[in-house]
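>
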Amino acid sequence: MAPPPPKPRGATQGLSNAKIHFYSLLLALQYGAQPLISKRFIRREVIVTSSVLACEIVKVICAVFFMAKDGSLRTVYKEWTLIGALTASGLPAAIYALQNSLLQISYKNLDSLTFSMLNQTKIFFTAFFTYFILRQKQSIEQIGALFLLIVAAVLLSVGEGSSKGSASGNADQILFYGIIPVLVASVLSGLASSLCQWASQVKKHSSYLMTIEMSIVGSLCLLASTLKSPDGEAMRQHGFFYGWTPLTLIPVMFNALGGILVGLVTSHAGGVRKGFVIVSALLITALLQFVFDGKPPSLYCLVALPIVVTSISIYQKYPYQVKKKEA
Numbered sequence: 004m005a006p007p008p009p010k011p012r013g014a015t016q017g018l019s020n021a022k023i024h025f026y027s028l029l030l031a032l033q034y035g036a037q038p039l040i041s042k043r044f045i046r047r048e049v050i051v052t053s054s055v056l057a058c059e060i061v062k063v064i065c066a067v068f069f070m071a072k073d074g075s076l077r078t079v080y081k082e083w084t085l086i087g088a089l090t091a092s093g094l095p096a097a098i099y100a101l102q103n104s105l106l107q108i109s110y111k112n113l114d115s116l117t118f119s120m121l122n123q124t125k126i127f128f129t130a131f132f133t134y135f136i137l138r139q140k141q142s143i144e145q146i147g148a149l150f151l152l153i154v155a156a157v158l159l160s161v162g163e164g165s166s167k168g169s170a171s172g173n174a175d176q177i178l179f180y181g182i183i184p185v186l187v188a189s190v191l192s193g194l195a196s197s198l199c200q201w202a203s204q205v206k207k208h209s210s211y212l213m214t215i216e217m218s219i220v221g222s223l224c225l226l227a228s229t230l231k232s233p234d235g236e237a238m239r240q241h242g243f244f245y246g247w248t249p250l251t252l253i254p255v256m257f258n259a260l261g262g263i264l265v266g267l268v269t270s271h272a273g274g275v276r277k278g279f280v281i282v283s284a285l286l287i288t289a290l291l292q293f294v295f296d297g298k299p300p301s302l303y304c305l306v307a308l309p310i311v312v313t314s315i316s317i318y319q320k321y322p323y324q325v326k327k328k329e330a
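Counting in my numbering, the sequence shown runs from 4 upward without gaps.
#1: In whole angstroms, what is the alpha-carbon distance linking proline 254 and serine 41?
#2: Which residue spans inside the region 221 to 249 form an unbroken alpha helix (DSSP H) run of at least 4?
#3: Leaving out five residues before and five after cysteine 58 in sequence, what residues of the same chain have Cβ atoms less than 6 Å from its Cβ?
#4: Got a sec, what are the start and stop residues for the alpha helix (DSSP H) asparagine 112 sits in?
#5: Go ahead and label tyrosine 99 buried or exposed: buried means 16 or more other beta carbons lie within 10 angstroms of its beta carbon, across all protein chains shown.
#6: May I ask you to report which of helix, strand or coil DSSP gives glutamate 48?
#7: So which of Phe295, Val282 and Ala289 has the shortest CA-CA distance to leucine 151?
#8: Which value, in whole angstroms, describes the spacing of the CA atoms of leucine 29 and leucine 137?
#9: Can you list, in chain order, the residues of its chain whose CB lies under 6 Å from that of serine 192, leaving out five sequence neighbours each side?
#10: Might you give, ordered along the chain, the residues of its own chain that have their beta carbon closer than 8 Å to the beta carbon of isoleucine 50, omitting 5 neighbours on each side?
#11: To which residues of the same chain is alanine 66 closer than 7 Å at the C-beta, ignoring the five residues directly before and after it?
#12: Determine the DSSP secondary structure at arginine 276, reduced to helix, strand or coil.
#13: When the Cα atoms are used, what is the spatial distance from valine 306 to tryptophan 83?
#14: With a threshold of 8 Å on Cβ separation, who are the neighbours of leucine 1 within its own chain once the five nearest residues in sequence on each side are excluded?
#15: Would you be able to state if there are at least three C-beta pairs under 8 Å between the region 173 to 192 and the region 82 to 96?
#16: Using a threshold of 8 Å, state whether the C-beta atoms of alanine 272 and isoleucine 45 are closer than that.
#17: Check this for me: beta carbons of tyrosine 321 and phenylalanine 279, under 8 Å apart or not?
#18: Going by DSSP in three states, histidine 208 sits in which element: helix, strand or coil?
#19: If we ignore side chains and look at the alpha-carbon of each, how far apart do glycine 168 and serine 109 end up?
#20: If we ignore side chains and look at the alpha-carbon of each, how far apart do phenylalanine 68 and serine 222 end up?
#21: Relative to the C-alpha of lysine 206, which candidate in Ser270, Ala97 and Gln139 has its C-alpha closest?
#22: Going by CA-CA distance only, name the one from Ile153, Gln176 and Leu85 that's closest to valine 275.
#23: Would you mind sorting glutamine 176 into buried or exposed? The rule is 16 or more other CB atoms within 10 Å of its CB.
#24: Locate the alpha helix (DSSP H) running through isoleucine 317, then write down its first and last residues.
#25: Once the 5 residues before and after tyrosine 26 are set aside, which same chain residues still bring their CB inside 8 Å of it?
#26: Which residue marks the beginning of the alpha helix (DSSP H) containing glycine 262, and which one marks its end?
#27: So, with DSSP's three-state summary, where would you put proline 299?
#28: Should glutamine 141 and tyrosine 323 be called a contact, given that it needs their Cβ atoms to be closer than 8 Å?
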């Protein structure tokens, strides 16, 4: 009896593309809706560190649940090693922790417009490190699409920051405590994203496992910071759940879902495409603000919309083609 014919390659590729689009859409919706949900359900009295730590705990619980559901939990438990965890997740988690600290320093010394514009350079650095670490080349059209995306991100940042005041300070303070930290943070963001992609695609590290490992490392770093931080003092004085209501769990769980989706998108689509998703989510935020708050999108947002659509279309339509060597 003849063996059954193999499944066409296109079917498998189609399934993969379907997963990529599905995860990307969910992440864009989550990222776009998160600011509005947090604004409505997290009271001002809530200690930021407590909500972040709770989010990391929920993220770990969800990741364990999904691993148990797909049957990979037992295998991961048997094969897990500390060295492997530190190699795949420890370094990116430490880099992200340092990046967040630099962003906090920069945000206090730059006006919001300049901060947002400089922060968009992380898209470029992600593509840069993806090339050097994974040898993932971009076609000329894709490079052009990346620049279009950065232009759109800058326009969206202008629309967001134009109504906010500028930070005061001398030129040296702005340079050394504002511009340099945010640029270094953008470099670190691109490096960490590329390392996560390398761990998932080359080392075949489960995206769920990476979520768990990075959440644990990040939580340990955050707990260490509470020894001297104002948030740590507030938690010791008022308690971990100070200012919480049952509704506070909604944005916490929503944010945890976003953390898992980031891992899935990076694993299946890569860090560069994740940048496209995040910028697209800014448009979703503007749309949701118009629907629920009656705040019309700015002119910058309306101009950025076709640019984002065009850049995504170009990036997907013109992938890098390996040139065949002539005989």
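For each residue, glycine too, the CB sits at the ideal point set by N, CA and C.
With the structure as the only source:
#1: Position 251 of the sequence shown, counted from the start, is the residue given in the question as residue 254. Position 38 of the sequence shown, counted from the start, is the residue given in the question as residue 41. So the alpha carbons of these two residues sit roughly 5 Å apart.
#2: Complete alpha helix (DSSP H) runs here, min 4: 233 to 241.
#3: If you number the sequence shown from 1, residue 58 lands on position 55. Only Val255, Asn258 and Ala259 meet the Cβ criterion.
#4: Within the sequence shown, residue 112 is the residue found at index 109, counting from 1. That run of the alpha helix (DSSP H) goes 94 to 112.
#5: Here the question's residue 99 lines up with position 96 in the sequence shown. Around the beta-carbon of tyrosine 99, 16 or more other beta-carbon atoms lie within 10 Å, marking it buried.
#6: Position 45 of the sequence shown, counted from the first residue, corresponds to residue 48. Reduced to three states, the DSSP call for glutamate 48 is coil.
#7: Counting from 1 along the sequence shown, the entry for residue 151 is found at position 148. The candidate whose alpha carbon is nearest that of leucine 151 is Val282.
#8: As a position in the sequence shown, residue 29 is number 26, starting the count at 1. As a position in the sequence shown, residue 137 is number 134, starting the count at 1. Between leucine 29 and leucine 137, the C-alpha separation is close to 26 Å.
#9: Here residue 192 is taken as the residue at index 189 of the sequence shown, counted from 1. Counting only Cβ-Cβ distances below 6 Å, and skipping sequence neighbours, we find Gln102 and Lys125.
#10: As a first step, residue 50 is located in the sequence shown; it is residue number 47 there, counting from the start. Once the five neighbours on either side are set aside, the close Cβ partners of isoleucine 50 are Asp234, Ala237, Met238, His241, Phe243, Tyr245 and Gly246.
#11: As a working note, residue 66 is residue 63 in the sequence shown. Closer than 7 Å at Cβ, skipping near neighbours: Tyr211, Thr214, Ile215 and Ile263.
#12: Counting from one through the sequence shown, the residue named residue 276 turns up at place 273. Note: arginine 276 maps to helix in three-state DSSP.
#13: The count along the sequence shown starts at 1 and reaches residue 306 at position 303. The count along the sequence shown starts at 1 and reaches residue 83 at position 80. One C-alpha to the other measures close to 48 Å.
#14: The displayed coordinates of the chain run from 4 to 330. Any statement about residue 1 would go beyond what the structure contains.
#15: no
#16: Reading the sequence shown from its first residue, position 269 is the one you call residue 272. Reading the sequence shown from its first residue, position 42 is the one you call residue 45. No, the pair does not count as a contact, with Cβ atoms beyond the cut-off.
#17: Working through the sequence shown from its first residue, we reach residue 321 at position 318. Working through the sequence shown from its first residue, we reach residue 279 at position 276. Contact: no.
#18: Within the sequence shown, numbered from 1, the residue matching residue 208 stands at position 205. Reduced to three states, the DSSP call for histidine 208 is coil.
#19: Within the sequence shown, numbered from 1, the residue matching residue 168 stands at position 165. Within the sequence shown, numbered from 1, the residue matching residue 109 stands at position 106. Legend: pLDDT at glycine 168 = 49, less than 50; position of this residue unreliable, value from coordinates given subsequently. C-alpha separation (whole angstroms): 15 Å.
#20: Translated into the one-based positions of the sequence shown, residue 68 becomes position 65. Translated into the one-based positions of the sequence shown, residue 222 becomes position 219. When only Cα atoms are considered, phenylalanine 68 and serine 222 end up about 19 Å apart.
#21: Your numbering for residue 206 matches position 203 in the sequence shown. The residue with the shortest Cα to Cα distance from lysine 206 is Ser270.
#22: The residue labelled residue 275 in the question sits at position 272 within the sequence shown. Nearest option by C-alpha distance: Ile153.
#23: Against the sequence shown, residue 176 aligns to sequence position 173. Glutamine 176 is classed as exposed because its beta carbon has fewer than 16 other beta carbons within 10 Å across all chains shown.
#24: Here residue 317 refers to the residue found at position 314 of the sequence shown. Start and end: 302 to 320.
#25: Taking the first residue of the sequence shown as 1, we reach residue 26 at position 23. Closer than 8 Å at the Cβ level, and outside the excluded window around tyrosine 26, lie Leu264, Leu267, Val268, His271 and Ala272.
#26: For the purposes of this step, residue 262 is identified with residue 259 of the sequence shown, where counting begins at 1. 252 to 271 is the span of the alpha helix (DSSP H), which, as asked, contains glycine 262.
#27: Residue mapping note: residue 299 aligns to position 296 of the sequence shown, counting from 1. Coil, per DSSP.
#28: The residue labelled residue 141 in the question sits at position 138 within the sequence shown. The residue labelled residue 323 in the question sits at position 320 within the sequence shown. Yes, these two residues count as a Cβ contact at 8 Å.
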